[in-house]
Every structure is written in structure tokens, then in C-alpha cells.
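When we follow this note's numbering, the leftmost residue of the sequence shown carries the number 110, and every step to the right adds one. Quick notes on the structure that follows.
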Amino acid sequence: MKQPDKNRQISQNPVLHCKGKTITFEKPLIMGILNITPDSFYDGGKYITDNKMLEQTGKMLNEGADFID
Numbered sequence: 110m111k112q113p114d115k116n117r118q119i120s121q122n123p124v125l126h127c128k129g130k131t132i133t134f135e136k137p138l139i140m141g142i143l144n145i146t147p148d149s150f151y152d153g154g155k156y157i158t159d160n161k162m163l164e165q166t167g168k169m170l171n172e173g174a175d176f177i178d
């Protein structure tokens, strides 16, 4: 197993490029969690139809989520 380089500097402002979008970490980001399985530990699968998933995703984004998991 390769050992980490202890002399490597880590960027103070890392950037993530994802599907043509650039995400910076200059400020904290909020991730919305959407549970879509019927046996979900939290909501019991309230969002199992496409329309309900999209509606809840839009709600979370409108309430301030930066991205959805």
C-alpha cells in the first residue's frame, strides 16, 4: 500500500468538477438527502414515485440545499 506524501500541500480552496459544473468549497455546502426506497430508515419510502421524488427534490433545493444525495 502506498504511503501518503507528508510533504504534499492541500489546496485551501479545493474545486470539484462534476458533469460540466464547478463546485467550490469556499463556504459550507448543504446536501439534501432523498430516501427513495420503501424500507428507508427515515421516511418509509414516501417518495417512491417519479413525481414525488422530483417534488421533494425541488423543495429541498428551494429551501437551500446545494445538491441532493
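Positions of the beta carbon are idealized from the N, C-alpha and C atoms, including for glycine.
- It is roughly 17 Å from the alpha-carbon of Gly-129 to the alpha-carbon of Ile-177.
- Inter-segment contact for the stretch 161 to 173 and the stretch 133 to 145 is present: three or more beta-carbon pairs are separated by less than 8 Å.
- Between Thr-133 and Asn-122 the beta-carbon gap is near 6 Å, inside 8 Å, which marks them as a contact.
- Within the same chain, Cβ atoms closer than 8 Å to the Cβ of Ile-145 are found at Gly-154, Tyr-156, Ile-157, Met-162, the five residues on either side in sequence being excluded.
- DSSP places Gly-167 within a helical segment (H, G or I) once states are collapsed to three.
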